[in-house]
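S.K.:
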Amino acid sequence: MKKVLVLGVIAFAFFGCESVPIEQAEAEYPKSGGKLIDAYTSEYPGYKWEVRRTATEEFVALTKDGKDYGKYRFRDGVTTQGATLNKDTEATLAKKGWKVVKSYRKGNTNYMLNLDHAAVYEKNDNYVTYFFDQYDKNRVKATLAIPKDVEAKKEGFYGAASKALRTTDEKLMLRLMNWERAEYKKAALSPYTALKPVTRGHSENMAENNFFSHTDPEGRDPFDRMKAEGIRFSMAGENLSMGYPNVFAAHWGLMNSKGHRENIMQSGFKQADVGVAFRKDAPYFTINFRTP
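In full-length UniProt numbering, the protein residues as written are 1 to 292.
1. Classify A164: buried if its beta carbon has 16 or more other beta carbons within 10 angstroms, exposed otherwise.
2. Taking the alpha carbon of S213 as the reference point, which residue from D273, E57 and E238 has its own alpha carbon closest?
3. When the Cα atoms are used, what is the spatial distance from G201 to G275?
4. Rounded to whole angstroms, what's the CA-CA distance from T286 to S241? Just pull it up for me.
5. Can you tell me where the beta strand (DSSP E) holding F248 begins and where it ends?
6. Decide if the segment 173-185 is in contact with the segment 261-278; the criterion is three or more beta carbon pairs, one per stretch, under 8 Å apart.
7. Please go through the segment 113-179 and give each complete alpha helix (DSSP H) segment of 4 or more residues, from N-terminal end onward.
8. Check each candidate in K71, R75 and Y130 and name the one with the smallest Cα separation from T89.
9. Of the choices A39, E122, G97 and N288, whose alpha-carbon is the least far from that of P222?
10. Helix, strand or coil for A232? Go by DSSP, reduced to three states.
11. According to DSSP, L62 sits in a beta bridge with which residue or residues?
12. Per the DSSP calculation, D273 is bridged to which residue(s)?
13. Roughly how many whole angstroms lie between the Cα atoms of K102 and N114?
14. Under 8 Å between the Cβ atoms of K141 and F248?
15. So what's V100 in DSSP terms, helix, strand or just coil?
16. Would you kindly check if the distance between the Cβ of A61 and the Cβ of S32 is under 8 Å?
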């Protein structure tokens, strides 16, 4: 029996207050095409995440009333938001002279951004996040573009916690991991819902009792928790994350942490489940990996 245990990552958001106006006009964008694969509730009220597929790529669009308002793209070689993915680097983007965003403004509050291996720029009335890979020469691997006026509508830093948003984060996190595995020619992780009581249970325990650790207050590690639910395995592991503003940032936080990345890319793992819980709207992620 092989056990793979990885320490979690934490990202904190700090915020202060100042009086600032909010734009009222909302830009309209056409539908960008592609076959609808799945749709989820988003943290932006009235908008949803749509996973779509074209002949050349899969992506996630933020949509409302049949129009796209934001997009997450990750396809190798795609040129998007002024960057060519897997070619441009953190250094080449820094030379472009774009306006760096250090905070999101919501009403009279500025929420300060503190993201590792990512940069946010203001471009054409959008907030665009560029995610870098420190294990591949800090190349840009993905972008997330959200209109400024849409971001202003999201409650606080994280959006309002809900059962629907929990399900969104869980399903999107698994999809993001499998997209990364596909980029490296690795087989997809199959969803294993029997793990749900373990993953959600640990996230709920951390959120309710305000701790962040693989070992819970009862002294149990991930393997103890799996065994308590009657789940057998020949190989298993766990990733933890908390404090990121969205599931995309949480995913790239894990990809930029050596041990977590190794779990995500581990060829030996065959199944996975993601469990999410919230503490004051901040999501806690528990990801368990399993090989029967």
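Every residue, glycine too, gets a C-beta built ideally from N, C-alpha and C.
Every value quoted in this text rests on a predicted model; they were computed, and no experiment measured them.
M.R.: This is what the structure holds:
1. exposed
2. E238
3. 8 Å
4. 7 Å
5. Segment V247 to M255 is the alpha helix (DSSP H) holding F248; no beta strand (DSSP E) there.
6. Counting C-beta pairs closer than 8 Å gives three or more between the segment 173-185 and the segment 261-278, which meets the contact rule.
7. 148-153
8. Y130
9. N288
10. It should be noted that the sequence gives Arg, not Ala, for residue 232. Here R232 sits in coil by DSSP.
11. Beta-bridge pairing links L62 to W49 and G70.
12. N288
13. 8 Å
14. No, they are not a contact pair.
15. strand
16. yes
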